[in-house]
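S.K.: Here it is, the structure, as structure tokens.
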Amino acid sequence: MAGFNPAGYLRDVRQEIGRVTWPSRKETLITTGLVLALSALAAVFFLVTDWLIQLAMRLLFGFA
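Going by my numbering, the first residue of the sequence shown is number 7, and it counts up by one from there.
In structure tokens form, the structure reads like this:
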């Protein structure tokens, strides 16, 4: 097994970075907006689900 070559490793990393297709600013903003919107939607979904389960438990067990 060959030893670790730091110079070769850095050269390979640089080549790989050159092959990456970086997103445009517009694509990044759109993707960020979608992530934030879907996170908010998931938070609301779990809030409502938690509220419904809490309501069902109160009705089922008679808690005030």
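For glycine and all other residues, C-beta sits at the position ideal for the given N, C-alpha and C. Since the model is a prediction, treat every value here as computed from it, not as a measurement.
(1) What residue does the alpha helix (DSSP H) around residue 45 start on, and which one ends it?
(2) Under three-state DSSP, which class holds residue 26?
(3) In whole angstroms, give me the CA-to-CA distance for residue 32 and residue 38.
(4) Which class does residue 9 belong to by DSSP, given the choice of helix, strand or coil?
M.R.: Inspection of the coordinates gives the following:
(1) 31-67
(2) coil
(3) 10 Å
(4) coil
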